[in-house]
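To start, the structure itself, in structure tokens.
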Amino acid sequence: MIVNLIDYLKARPATIRRFCYGGIAVIIIGSMILVDTHHAHTWVEKHIPGFWAIFAFLSTIVLIFVAGWLGRSGIQTREDYYDR
Amino acid sequence: MTGSFIHPALILIIGALILPFIREPFRKPYLILVPLLTFCDVLYLSQHPGTYGVVTFLDQWTLTFGRVDGLSMVFAFIMALMAIIGTIYGLHVEDEWQHIAAWLYVAGSLGVIYSGDYLVLFLFWEIMAFASTFLIWFNKDKGSLAAGYRYLLVHTFGGVMLLLGFVLRYQATGDLSFVLLDEHNTGLYTWLIMAGLMLNAAVPPLHSWLPDAYSKATVTGSVFMCAFTTKTAIYTLARSFAGFDILIVLGVVMAIYGIIYAILENDIRRLLGWEIVSQVGYMVAGVGIGTALAINGTCAHAFAHILYKGLLFMGAGAIIQATGQSKLTDLGGLYKKMPLTLFFMVIGGISVSAFPLFSGFVSKSMIISASFESHLLWAAFLLSAVSAGTFLVAGLRLPYLIFFGESRCSSATWEKAEDPVWNMRMAMGIAAFFCVFVGTCLPFLYGMLPHTEISYHPYNTAHLAETLQILALTALGFFLFKDRLMATSTISLDLDWFYRMAGRAFLWTAQNPLQWLDTAWGAAYRVVGLVSLMTIARFSAWFDWHGIDGVVDGTARIVRMLGGKIAFLLQRGQIQMTLYFTISFAALFLVAYVWL
Numbered sequence: 090m091i092v093n094l095i096d097y098l099k100a101r102p103a104t105i106r107r108f109c110y111g112g113i114a115v116i117i118i119g120s121m122i123l124v125d126t127h128h129a130h131t132w133v134e135k136h137i138p139g140f141w142a143i144f145a146f147l148s149t150i151v152l153i154f155v156a157g158w159l160g161r162s163g164i165q166t167r168e169d170y171y172d173r
Numbered sequence: 009m010t011g012s013f014i015h016p017a018l019i020l021i022i023g024a025l026i027l028p029f030i031r032e033p034f035r036k037p038y039l040i041l042v043p044l045l046t047f048c049d050v051l052y053l054s055q056h057p058g059t060y061g062v063v064t065f066l067d068q069w070t071l072t073f074g075r076v077d078g079l080s081m082v083f084a085f086i087m088a089l090m091a092i093i094g095t096i097y098g099l100h101v102e103d104e105w106q107h108i109a110a111w112l113y114v115a116g117s118l119g120v121i122y123s124g125d126y127l128v129l130f131l132f133w134e135i136m137a138f139a140s141t142f143l144i145w146f147n148k149d150k151g152s153l154a155a156g157y158r159y160l161l162v163h164t165f166g167g168v169m170l171l172l173g174f175v176l177r178y179q180a181t182g183d184l185s186f187v188l189l190d191e192h193n194t195g196l197y198t199w200l201i202m203a204g205l206m207l208n209a210a211v212p213p214l215h216s217w218l219p220d221a222y223s224k225a226t227v228t229g230s231v232f233m234c235a236f237t238t239k240t241a242i243y244t245l246a247r248s249f250a251g252f253d254i255l256i257v258l259g260v261v262m263a264i265y266g267i268i269y270a271i272l273e274n275d276i277r278r279l280l281g282w283e284i285v286s287q288v289g290y291m292v293a294g295v296g297i298g299t300a301l302a303i304n305g306t307c308a309h310a311f312a313h314i315l316y317k318g319l320l321f322m323g324a325g326a327i328i329q330a331t332g333q334s335k336l337t338d339l340g341g342l343y344k345k346m347p348l349t350l351f352f353m354v355i356g357g358i359s360v361s362a363f364p365l366f367s368g369f370v371s372k373s374m375i376i377s378a379s380f381e382s383h384l385l386w387a388a389f390l391l392s393a394v395s396a397g398t399f400l401v402a403g404l405r406l407p408y409l410i411f412f413g414e415s416r417c418s419s420a421t422w423e424k425a426e427d428p429v430w431n432m433r434m435a436m437g438i439a440a441f442f443c444v445f446v447g448t449c450l451p452f453l454y455g456m457l458p459h460t461e462i463s464y465h466p467y468n469t470a471h472l473a474e475t476l477q478i479l480a481l482t483a484l485g486f487f488l489f490k491d492r493l494m495a496t497s498t499i500s501l502d503l504d505w506f507y508r509m510a511g512r513a514f515l516w517t518a519q520n521p522l523q524w525l526d527t528a529w530g531a532a533y534r535v536v537g538l539v540s541l542m543t544i545a546r547f548s549a550w551f552d553w554h555g556i557d558g559v560v561d562g563t564a565r566i567v568r569m570l571g572g573k574i575a576f577l578l579q580r581g582q583i584q585m586t587l588y589f590t591i592s593f594a595a596l597f598l599v600a601y602v603w604l
């Protein structure tokens, strides 16, 4: 059952993509309209609409690039490093 | 001992000692019965808080084996529950030693949780470290023996720091009780105790043992290990170091450090290990904040974490057991072969990522809210950023690289891949159930938290909107930069480099200069020592031959016969087994001494 469902979805990547973009838009717009930000903890949450969306997107990119940069700077090495 | 108090750890220890004598068809029911009894005992104690099992030791120290209060209750509950789940997961394992080691390990953890003073704490602390080492050694894979020794040495080092710490504290204050330490009146002992406890919580720079050991343990062993050591350490930190500001910094550093290494990692269990480091970072930060909400959040997060991380390790174990592969570069596209494992791992993944209705949502947010309320904005924002990273790694990267994407499996791996046996599925099902139950039925978890005066409501529009935004945009980030998150066949160097290289230097010293000294000493001994020894030997041979032989001969034959059998059992030439027996006997003597 699970396999069939995944195969069904995998066969329709364009639909999935459109659905996901739609979902993201609904979440961001919904958050702007529905949430009362008067009691938010910080200034940024009160005054920047969709703050957490921007924040999460930037954090993800920063994490991916910092990790990649650290890895290339010599942290990542061959698998038999300790076996010599 | 008080009449109505039976220590839950005692049930597991006695259960473990009897286990070798239980045969099929009673073995499987017995394996479930013992942790179940332990769990019932913990439940019974939760209804009767108080102090039990107070013993006077050597006439001057008071040992407290059973301090049952709000903080110990919630931790004992989840440890006992995880013991049941873990044992069910390992039900198919024939080797009783693995079950014995796992149960003694859980017993150590429960003993620490109920202990009221440093002596008892230390006793169970060492039982934990020692028993869990065997969960690594029982794995026959290449590298496990060495990883086990590294684990044991690192934890011995941590134990010695803890020992030094509380002995110095005893000298300074004359007090051995295990209570909250004073932040404004610290001494060397405060930091030594903290370092000893932090090593078990895998706080940087004392963290490298965790991914190293957990990726080398047996399939069932790692399920136990991922739950007990770090969360028991969190309990001890919450007990003795709540409100120490340095822990906030260390916790946040830990959360970020762990998630960055998890992004780079190729081995599934090392990846999950790094994520433990990251998640335990939230708890350490929560302990550091130290307010009632933060401590409640720490307990709730430890509770939720044990369940979903256990579930993820069970899923990883199912993959390793079926395919024999543990590297993301050798897996991929497995949803066709292991759909149930996929299902359970996704539940674990979205629980750790704090999806609404799952356990992480109701626990992690308490710690972040507590940091906002204590005006620690930097900590709150950094921890929120890490929760995006958590979803990126456990909710997206891990399932994508194992189950979706292109298959990098060899044809042999692909053939072997299948969903695990019934008991492993059942254990995963129970853990998955609790992940959802904790996330949907709030009173279940919140009713157990130590600070009952606090009320917290995770399901409000602002929090839901915040979480959904974080999840949605992290998913978008993953989709756009997926190519940068692919697995590469590399390892990531970490701080264990220092002690591994130091060990190598020590080995070189032992093999070269020291070996030369030994050879020289041997030569000198042969020349000087042997001549005198031979003279004495000739005399005693003469005396023996003529005097004693007749009497002794009969006795000797019997001793030799018995001795041969015992030696065959006890000395199999494996240093691990010899160690195991030696320490077990020492522990038995100690237990006998205290109780009798």
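So the protein lines, in turn, are chains A and B. Just so we're on the same page, our numbering is the position in the first sequence counted from 1, plus 89. Just so we're on the same page, our numbering is the position in the second sequence counted from 1, plus 8. Ideal Cβ placement from N, Cα and C applies to all residues, glycine included.
Problem - Members of the region 87–102 of chain B that neighbour chain A once the beta carbon cut-off is set at 8 Å - result: none
Exercise for the section: State yes or no: is the C-beta of Leu-161 (chain B) within less than 9 Å of the C-beta of Tyr-113 (chain B)? Expected result: no
Exercise for the section: For Asp-169 (chain A), I'd like the list of residues in its chain whose CB is within less than 6 Å of its CB, leaving aside the five on either flank, ordered along the chain. Expected result: none
Exercise for the section: Starting from the N-terminal side, write out each stretch of the alpha helix (DSSP H) that is 4 residues or longer and does not extend beyond the region 329–371 of chain B. Expected result: 347–360
Handout entry: Whole runs of the alpha helix (DSSP H) within the region 418–473 of chain B, excluding any shorter than 4 residues
Key = Within the region 418–473 of chain B, the complete alpha helix (DSSP H) runs of at least 4 residues are 419–424, 430–448 and 450–454.
Practice task
Pick out whichever of B:Ile-30, B:Lys-317, B:Gly-340 and B:Thr-240 has its Cα sitting closest to the Cα of Ile-327 (chain B).
Solution key: B:Gly-340
Handout entry: Sheet register partners of Thr-605 (chain B) (DSSP bridge)
Key = Summary: the structure shown does not reach residue 605 (chain B), with chain B confined to residues 9 through 604, and so no result is reported for it.
Exercise for the section: Kindly identify the DSSP beta-bridge partner or partners of Trp-69 (chain B). Expected result: Beta-bridge partners of Trp-69 (chain B) (DSSP): B:Phe-65.
Handout entry: Under 7 Å (Cβ pairs) to chain A, residues found in the region 499–522 of chain B
Key = Ile-499, Ser-500, Leu-501 and Arg-508
Exercise for the section: Return the chain-ordered list of same chain residues with a C-beta closer than 8 Å to the C-beta of Lys-424 (chain B), the five sequence neighbours on each side being excluded. Expected result: If you ignore the 5 residues before and after Lys-424 (chain B), its C-beta comes within less than 8 Å of the C-beta of Ala-330, Thr-331 and Gly-332, all in its own chain and listed in chain order.
Handout entry: Secondary structure of Leu-94 (chain A), DSSP reduced to three states
Key = helix
Practice task
Using beta-carbon positions only, say whether Tyr-316 (chain B) and Cys-443 (chain B) come within less than 9 Å of one another.
Solution key: Their beta carbons are under 9 Å apart, which means Tyr-316 (chain B) touches Cys-443 (chain B) by this criterion.
Problem - Any C-beta of chain B under 9 Å from that of Tyr-170 (chain A) - result: yes
Practice task
Find out if the Cβ-Cβ distance for the pair Leu-605 (chain B), Ile-355 (chain B) is shorter than 9 Å.
Solution key: Here chain B comprises residues numbered 9 to 604, so residue 605 (chain B) is not present and cannot be evaluated.
Handout entry: Residue-chain proximity (Ala-142 (chain A), chain B), Cβ-Cβ < 9 Å
Key = Yes, because at least one Cβ of chain B sits closer than 9 Å to the Cβ of Ala-142 (chain A).
Exercise for the section: Report yes or no: is there a C-beta of chain A within less than 9 Å of the C-beta of Thr-421 (chain B)? Expected result: Interface criterion not met: the Cβ of Thr-421 (chain B) is under 9 Å from no Cβ in chain A.
Exercise for the section: State the Cα-Cα distance for the pair Leu-71 (chain B) and Phe-174 (chain B), rounded to the nearest angstrom. Expected result: Each residue's alpha carbon lies about 14 Å from the other.
Exercise for the section: Answer yes or no: does any C-beta atom of chain A fall closer than 9 Å to that of Thr-181 (chain B)? Expected result: Under the Cβ criterion of 9 Å, Thr-181 (chain B) is not counted among the residues facing chain A.
Exercise for the section: Check Thr-543 (chain B) in the structure and name its three-state DSSP category. Expected result: DSSP places Thr-543 (chain B) in helix when its eight states are reduced to three.
Exercise for the section: Give a yes or no on contact between the region 144–157 of chain A and the region 482–499 of chain B, applying the rule of three or more CB pairs nearer than 8 Å. Expected result: yes
Exercise for the section: Count the other CB atoms, across all protein chains shown, that sit within 10 Å of the CB of Leu-457 (chain B); report buried if there are 16 or more and exposed otherwise. Expected result: buried
Exercise for the section: Report the rounded CA-to-CA distance for Leu-348 (chain B) versus Tyr-408 (chain B), giving the unit in angstroms. Expected result: 15 Å
Handout entry: Continuous alpha helix (DSSP H) stretch holding His-136 (chain A): start and end
Key = 132–136
Practice task
For Thr-482 (chain B), return the contacting residues in chain A, with the cut-off set at a CB-CB distance below 7 Å.
Solution key: Ala-145 and Thr-149
Exercise for the section: Measure the alpha-carbon distance for Met-434 (chain B) versus Glu-134 (chain B) and round it to whole angstroms. Expected result: 32 Å
Handout entry: Beta carbon of Phe-351 (chain B) nearer than 9 Å to that of Thr-475 (chain B)
Key = no
Practice task
Please check the pair Ser-361 (chain B) and Gly-403 (chain B), which I expect to be a contact at CB under 8 Å, by giving their CB distance rounded to whole angstroms.
Solution key: 4 Å
Exercise for the section: Compare the C-alpha of Ala-310 (chain B) against each of B:Ile-22, B:Leu-453, B:Ser-500 and B:Phe-165 and name the closest. Expected result: B:Leu-453
Exercise for the section: Using the DSSP secondary-structure output, state which residues sit across from Thr-178 (chain A) in a beta bridge. Expected result: Any answer about residue 178 (chain A) is impossible in this case: the structure gives chain A only from 90 up to 173.
Practice task
Establish whether the CB of Leu-159 (chain A) and some CB of chain B are separated by less than 9 Å.
Solution key: Yes, Leu-159 (chain A) counts as interfacial toward chain B.
Handout entry: 9 Å Cβ cutoff met for Ala-263 (chain B) and Tyr-290 (chain B)
Key = yes
Handout entry: DSSP beta-bridge partners of Ser-152 (chain B)
Key = Looking at the DSSP assignment, Ser-152 (chain B) forms no beta bridge with any residue, so it has no partner.
Exercise for the section: Determine which residues of the region 470–497 of chain B have a Cβ less than 9 Å from any Cβ of chain A, and write them out in chain order. Expected result: Within the region 470–497 of chain B, the qualifying residues are Ala-470, Leu-472, Ala-473, Glu-474, Thr-475, Leu-476, Gln-477, Ile-478, Leu-479, Ala-480, Leu-481, Thr-482, Ala-483, Leu-484, Gly-485, Phe-486, Phe-487, Leu-488, Phe-489, Arg-492, Leu-493, Thr-496 and Ser-497.
Exercise for the section: Just tell me which of B:Asp-275, B:Met-136, B:Asp-125 and B:Ser-152 has its CA closest to the CA of Thr-237 (chain B). Expected result: B:Met-136
Problem - Residues near Ile-314 (chain B) in its chain [Cβ-Cβ closer than 7 Å; skip 5 each side] - result: When the five nearest sequence neighbours on each side are left out, the beta carbons in the same chain lying within less than 7 Å of the beta carbon of Ile-314 (chain B) are those of Ile-86, Met-90, Ala-235 and Lys-239, in order along the chain.
Problem - For Ser-123 (chain B), the three-state DSSP class (helix, strand or coil) - result: coil
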